[in-house]
Ligand code: G3P
Ligand code: CA
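Numbering (my numbering), first residue to last: 858 to 1185.
Written out as structure tokens, the structure is:
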């Protein structure tokens, strides 16, 4: 497998990027396992990441939250009822509470940062999306970020290739309000693993610019700003301009409709503008069980993203991503 060489070439391109190619060829593109192979296993479990690696993903993506005792753990959301069995645990019944989220929404639930890592470890993960197998529900723990780093290192070594990490900081402002230093914990974990250099096979992503700006002063690891159409309105510009992103990050992570017309899959010009600023373009999220009508197959949708200039794709089905990005 040549993917480790390709990743190194990609990272070299990212840092050099004086003359990025106008259109990436498939071998320049990275496949990011979105929440692991989350189409086939409960998301953000070691088993979901392990399957993604076996399927050939270049990077595995842990979304990160923190426990009350400061441990980074993999969950898409800090609330726990959607992705774990906490609602069925009588010992935690009295610990539900109401919080306001980043967009002003209120939610009554159990919150990761109210529980110790040891308590979170007693929970078991479950499938979050309708229409997917629930046969693995109740089997797997919530992994810590350290366990995920160890898995990527171990599995990569066993396969003779590099398995990259693509952590996302979730709800950093709310973690700060809870007295938790997400940036500090992330820097400490990556530094301890020797993954704090500009050439490390790691991208750190966030929807919140402030934590990326903080990280840009504390670590050399490439940073990716996640963006979406303003107000989630079709055709609206991105919520953060590319020129601003280029002042503190090395990549943009656009929702796919910024890159391709949602009704046609035609390029919008977004990626070309990003590349002119020296930014990589990693777009999300591709799902075999949720493709647009204009694409005949899930692979077609991914290939349209490449044609629109994506240099990386997040997918719940890494085997499909690998197939779609292979050189013919
Ligand atoms: O991180 C890329 C993409 O995963 C952002 O969306 O909500 O799945 O974390 P989300
Ligand atoms: Ca994510």
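We put the beta carbon where it would ideally sit given N, CA and C, even for glycine.
Taking the continuous beta strand (DSSP E) assigned at residue i, which residues delimit it?
i, result
"residue 1170", "1169 to 1172"
"residue 966", "963 to 966"
"residue 1002", "Taken as a continuous stretch (DSSP letters only), residue 1002 belongs to no beta strand (DSSP E), being part of the alpha helix (DSSP H) at 1002 to 1016."
"residue 887", "887 to 891"
"residue 920", "920 to 923"
"residue 931", "929 to 931"
Between which two residues does the alpha helix (DSSP H) carrying residue i extend?
i, result
"residue 1032", "1029 to 1034"
"residue 1130", "1127 to 1133"
"residue 910", "903 to 911"
"residue 1039", "1039 to 1049"
"residue 974", "974 to 978"
"residue 1162", "1155 to 1164"
"residue 1120", "That residue, residue 1120, is in no alpha helix (DSSP H); it is neither H nor E in DSSP."
"residue 1181", "1175 to 1182"
"residue 1101", "1099 to 1102"
Under 8 Å by Cβ, that's how I've got residue i and residue j pegged, so tell me the actual separation to the nearest angstrom.
i, j, result
"residue 940", "residue 900", "7 Å"
"residue 1110", "residue 1081", "5 Å"
"residue 980", "residue 1005", "Not really, about 17 Å apart at Cβ, beyond 8 Å."
"residue 909", "residue 890", "3 Å"
"residue 1119", "residue 1166", "In fact, because the Cβ distance is near 16 Å, the residues do not count as touching under 8 Å."
"residue 1091", "residue 1073", "Not a contact, Cβ separation roughly 32 Å."
"residue 1024", "residue 1002", "7 Å"
"residue 1057", "residue 1078", "6 Å"
"residue 1158", "residue 1171", "Their Cβ separation, rounded to whole angstroms, is 12 Å, which puts residue 1158 and residue 1171 out of contact at 8 Å."
"residue 1022", "residue 916", "7 Å"
"residue 953", "residue 966", "6 Å"
"residue 972", "residue 924", "6 Å"
"residue 798", "residue 930", "Outside the displayed span of the chain (858 to 1185) sits residue 798, for which this structure offers no information."
"residue 886", "residue 1163", "6 Å"
"residue 982", "residue 997", "5 Å"
"residue 1147", "residue 1177", "Residue 1147 to residue 1177, Cβ: 12 Å. No contact."
"residue 1012", "residue 892", "No, residue 1012 and residue 892 are not in contact; Cβ-Cβ is about 17 Å, not under 8 Å."
"residue 1059", "residue 1069", "That pair is no contact at about 14 Å."
"residue 1103", "residue 1136", "6 Å"
Could you tell me which residues DSSP pairs with residue i in its beta bridges?
i, result
"residue 1063", "1026, 1082"
"residue 954", "966"
"residue 1138", "1109"
"residue 1088", "Partner(s): none; residue 1088 has no beta bridge."
"residue 1151", "Answer is none; residue 1151 lacks a bridge partner."
"residue 941", "982"
"residue 916", "889, 1021"
"residue 1094", "BP columns for residue 1094 are empty, so no partner."
"residue 1124", "1117"
"residue 1143", "1172"
Is residue i near ligand 4, with its Cβ less than 7 Å from a heavy atom?
i, result
"residue 1118", "Here the bound small molecules are ligand 1 and ligand 2; ligand 4 is not part of this structure."
Inset, instruction - Starting from the N-terminal end, write out each residue whose C-beta falls within a distance shorter than 6 Å of any non-hydrogen atom of ligand 2. - result: So the residues near ligand 2 by this Cβ test are 918, 920, 1025.
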